[in-house]
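Structure, as structure tokens:
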Amino acid sequence: MAETTDIIEFKDQQEAYAILGDRDAFLQIMQEDFSCRMVSRGNSIAVTGVEADVAAVRTLIGELLFCHRQGMRLTTHEVHYGARMVRAGRTEELHGLHSEVLLVTAKGREVRAKTIGQRDYLAAIRRNAVTLGVGPAGTGKTYLAVVMAVAALRNREVSRIILTRPAVEAGEHLGFLPGDLTEKINPYLRPLYDALQDILGAEGYQKMMSRQLIEVAPLAYMRGRTLEDAFVILDEAQNTTGAQMKMFLTRLGFGSRMVVTGDLEQVDLPRGTVSGLRQACQILRGVKGVSVIRLEPVDIIRHEVVTRIVEAYGAWEKRREKHDGDHDRTRAGKS
């Protein structure tokens, strides 16, 4: 197949460095993802390969330049993810993905959507009273929900934040654990505390807690309450029963929003117990004011290998389910 060469010009050396990465790290990723030969020369880069791949590299570099000129610091994630979306023909969806800054953390880090799935998730939270965010670990479900809660509180859209999760996981019940209530529930709620402290800083977090603007409690403590004028997040919802999930969702009061997050591949409920999150996703599909968003392995914001690991496990589970189904049908045919 005939090859072509394209020369891509950058504004200056600083811009070339931002797009190609330290020691051409991003350049190497693009070479591998598109099977092109790329040679940087001062403020330009020569891309050689089949026409389709060369055009894809130009498109990707155009998107990376757009992000850079918006003031965003590029990482390997943006390069890998951008390449994946360009290859999938989703360039239009990719354009402007990182434009909106959701908030700035206490350490000055800008928080933005990093994937198309995350952008859809954030849009659903804005539009709906109840949003169910389902997907593998590392997709930012909980962190982005906490970001939206803090933003809503700062914008005076709500008067408080309530964070909760089931306190019964892997067969451990609170009553049998040592210590007072705080000591018992802290290990379960640690991820929520960590997200809050990352966003607000230790001082900002303590200030909000002391003013009772943030409440963190186990799910059992939601029973009998009406949660009004609040941004409520239920984390690890895959470990709720159907009754617990219904109890939680019906706590919604006027002026409130709820976000329910969970990973249906990490259910710790006793064998034979149906996850309340799985049930809710089926029951509430199409209900006005409720949105179910499914994040995928491609939305994982961790090392690229994590995405491949999750995909490999998913493929293995599907093969196992098919094998079990075939085995059951064979046995039924013999009986």
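Numbering (the numbering used here), first residue to last: 647 to 981.
Glycine included, C-beta positions come from ideal geometry on N, C-alpha and C.
None of the values given here were measured: they were computed from a predicted structure.
| query | result |
| --- | --- |
| DSSP three-state assignment for Gly888, whether helix, strand or coil | helix |
| CB of Leu706 within 8 Å of CB of Met676, strictly | yes |
| Bounding residues of the beta strand (DSSP E) (the contiguous stretch that carries Glu655) | Glu649 to Glu655 |
| Rounded C-alpha distance that separates Ile845 from Val703 | 35 Å |
| Own chain partners of Ala648 with C-beta closer than 7 Å, once the 5 adjacent residues on each side are dropped | none |
| Cβ-based burial, Tyr834 [other Cβ within 10 Å; buried from 16] | buried |
| Beta carbon of Gln595 nearer than 8 Å to that of Met891 | Residue 595 falls outside the range modelled here, since the chain spans only 647 to 981, and no answer is possible. |
| Validate contact between the region 928-939 and the region 769-776 using beta carbons, cut 8 Å, 3 pairs | yes |
| Option nearest Ser745 by Cα separation, candidates Arg758, Gly735, Ala752 and Glu739 | Arg758 |
| Which of helix, strand or coil DSSP assigns to Gly779 | strand |
| Cβ pair count under 8 Å reaching 3, the region 778-791 against the region 895-910 | yes |
| Contiguous beta strand (DSSP E) assignments of at least 3 residues, all confined to the region 829-898 | 860-864 and 876-880 |
| Three-state class that DSSP yields for Val951 in the structure shown | helix |
| Beta-bridge pairing of Glu756 - partner residues as DSSP gives them | Val750 |
| Separation of Leu673 from Ser690, as counted between CA atoms | 12 Å |
| Beta-carbon proximity list for Val804, same chain, < 6 Å, skipping 5 on both sides | Ala798, Asp875, Ala876 and Phe877 |
| DSSP state of Val700 mapped onto helix, strand, coil | helix |
| Local Cβ density within 10 Å of Glu655, reported as buried at 16 or more and exposed below that | exposed |
| Validate contact between the region 883-899 and the region 860-870 using beta carbons, cut 8 Å, 3 pairs | yes |
| Nearest candidate by alpha-carbon position, reference Leu880, set Gly888, Pro812 and Asn801 | Pro812 |
| Assigned secondary structure, Arg931 (DSSP; H/G/I helix, E/B strand, else coil) | coil |
| Closer than 7 Å: Val780 CB and nearest the ligand GTP heavy atom | Ligands displayed in this structure: none; no statement on the ligand GTP is therefore possible. |
| Nearest to Ala701 (by Cα), restricted to the options Thr650, Pro864, Leu740 and Asp914 | Thr650 |
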